[in-house]
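Below: the structure, in structure tokens.
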Amino acid sequence: MLRPWRENDAPSLARYADNPRVSACMRDAFPSPYTMDDARRFIQMANGPGHPLLLAIEVTGEAAGGIGIHPLGDVYQRTAEIGYWLGEPFRGKGIVTEAVRALVPVVFQQTNLIRIQAGIFSNNPASMRVLEKSGFVREAVHRNAVTKHGVVMDEILYVRFRDPEG
Ligand SMILES: CC(C)(COP(=O)(O)OP(=O)(O)OC[C@H]1O[C@@H](n2cnc3c(N)ncnc32)[C@H](O)[C@@H]1OP(=O)(O)O)[C@@H](O)C(=O)NCCC(=O)NCCS
267 MLRPWRENDA
277 PSLARYADNP
287 RVSACMRDAF
297 PSPYTMDDAR
307 RFIQMANGPG
317 HPLLLAIEVT
327 GEAAGGIGIH
337 PLGDVYQRTA
347 EIGYWLGEPF
357 RGKGIVTEAV
367 RALVPVVFQQ
377 TNLIRIQAGI
387 FSNNPASMRV
397 LEKSGFVREA
407 VHRNAVTKHG
417 VVMDEILYVR
427 FRDPEG
């Protein structure tokens, strides 16, 4: 289930996000270590004014991960980035694929966005697979675009467009 973040999600958010195998695939804005204070701050931001769309992925009653849509603004006003992560115990069950497949059509329906994209680090084939299974196509390789923990990697840009009739 996708739903807004709740204040009482802070312990599960901190538990599952505080994992180097999660943060290694995320931008540096994703804290590591991920403390209870980080979790409380994030939940407050996610529910505050002017925030992008940030939802919890709830699995068997607890917040197991997160998914978000971030419009880029300016001349990219009809483009948004999608981002997501899932706690390690929940992986490999198709959960994030299901989340992306559910969220993207609703976002296109409820906004004037025409393009949703994701930049995936080249060492993250699982995330590329999620997007391929969700109707995204590989659009570009940004060579040496990412430096994470001192390692330089390519960024693979995936995109899904609003359906012509949508
Ligand atoms: C990437 C991530 C979101 C995937 O979530 P998930 O719920 O496990 O994904 P799904 O089960 O829906 O699909 C994963 C797919 O990747 C495949 N996969 C997993 N590891 C893989 C690997 N090392 N190489 C190739 N494919 C891999 C799985 O087999 C599955 O594909 P299949 O259904 O064709 O078998 C999750 O691992 C995660 O949170 N990682 C850390 C944070 C992150 O990477 N966020 C995305 C940043 S862009």
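Under this note's numbering, the first residue of the sequence shown is numbered 267, with each subsequent residue one higher.
For glycine and all other residues, C-beta sits at the position ideal for the given N, C-alpha and C.
Keep in mind it's a predicted model, so treat the numbers as computed, not measured.
Subject >> Nearest-angstrom Cβ-Cβ length linking L379 and P337, presumed shorter than 8 angstroms >> reply: Locating residue 379 in the sequence shown gives position 113, where the first residue counts as 1. Locating residue 337 in the sequence shown gives position 71, where the first residue counts as 1. With 8 angstroms as the limit, L379 and P337 qualify as a contact, their Cβ atoms being about 7 angstroms apart.
Subject >> Segment contact flag, the stretch 368 to 384 with the stretch 338 to 355, C-beta cutoff 8 angstroms, min 3 pairs >> reply: Enough Cβ pairs lie closer than 8 angstroms, so yes.
Original post:
Counting pairs of Cβ atoms below 8 angstroms between the stretch 420 to 427 and the stretch 387 to 407, do you hit three or more?
Top reply: Segments in contact, yes.
Original post:
Between Y282 and G331, which are expected to be in contact by the criterion C-beta below 8 angstroms, what is the C-beta distance as a whole number of angstroms?
Top reply: Taking the sequence shown and counting its residues from 1, one reaches residue 282 at position 16. Taking the sequence shown and counting its residues from 1, one reaches residue 331 at position 65. Between G331 and Y282 the Cβ distance is about 7 angstroms, and since that is below 8 angstroms, they are a contact.
Original post:
Could you check where the beta strand (DSSP E) with F427 kicks off and where it finishes?
Top reply: One-based indexing of the sequence shown puts residue 427 at position 161. Here the beta strand (DSSP E) through F427 covers V417 to F427.
Subject >> Own chain partners of A406 with C-beta closer than 7 angstroms, once the 5 adjacent residues on each side are dropped >> reply: Stepping through the sequence shown from its first residue, residue 406 is reached at position 140. Closer than 7 angstroms at Cβ, skipping near neighbours: L423.
Original post:
By the 10 Å Cβ neighbour count, where 16 or more other Cβ atoms means buried, how is G432 classified, buried or exposed?
Top reply: The residue given as residue 432 occupies position 166 in the sequence shown. Only weak support is given to the placement of G432: the predicted model assigns it a pLDDT of 48, under 50, and the value that follows is read from those uncertain coordinates. Counting Cβ neighbours within 10 Å, G432 comes out exposed, since fewer than 16 surround it.
**OP:** Measure the C-alpha to C-alpha separation of L286 and Q343 and round it to an integer number of angstroms.
**Re:** Translated into positions along the sequence shown, residue 286 becomes position 20. Translated into positions along the sequence shown, residue 343 becomes position 77. Reading the sequence as shown, one finds Pro at residue 286 and not Leu. Rounded to the nearest angstrom, the two C-alpha atoms are 33 angstroms apart.
Subject >> For V341, the three-state DSSP class (helix, strand or coil) >> reply: Here the question's residue 341 lines up with position 75 in the sequence shown. Per DSSP, reduced to three states, the secondary structure at V341 is coil, with no helix or strand assignment.
**OP:** Please state if the CB of M302 and the CB of A276 are separated by a distance shorter than 7 angstroms.
**Re:** Working through the sequence shown from its first residue, we reach residue 276 at position 10. Working through the sequence shown from its first residue, we reach residue 302 at position 36. Taking 7 angstroms as the Cβ cut-off, A276 and M302 qualify as a contacting pair.
**OP:** In angstroms with no decimal places, state the Cα-to-Cα distance between E324 and I361.
**Re:** Locating residue 324 in the sequence shown gives position 58, counting from the first residue. Locating residue 361 in the sequence shown gives position 95, counting from the first residue. Just so you know, the alpha carbons of E324 and I361 end up roughly 10 angstroms apart.
**OP:** Indicate the three-state DSSP secondary structure (helix, strand or coil) for R272 in the structure shown.
**Re:** To locate residue 272, count along the sequence shown from 1; it is residue 6. It is coil, neither helix nor strand.
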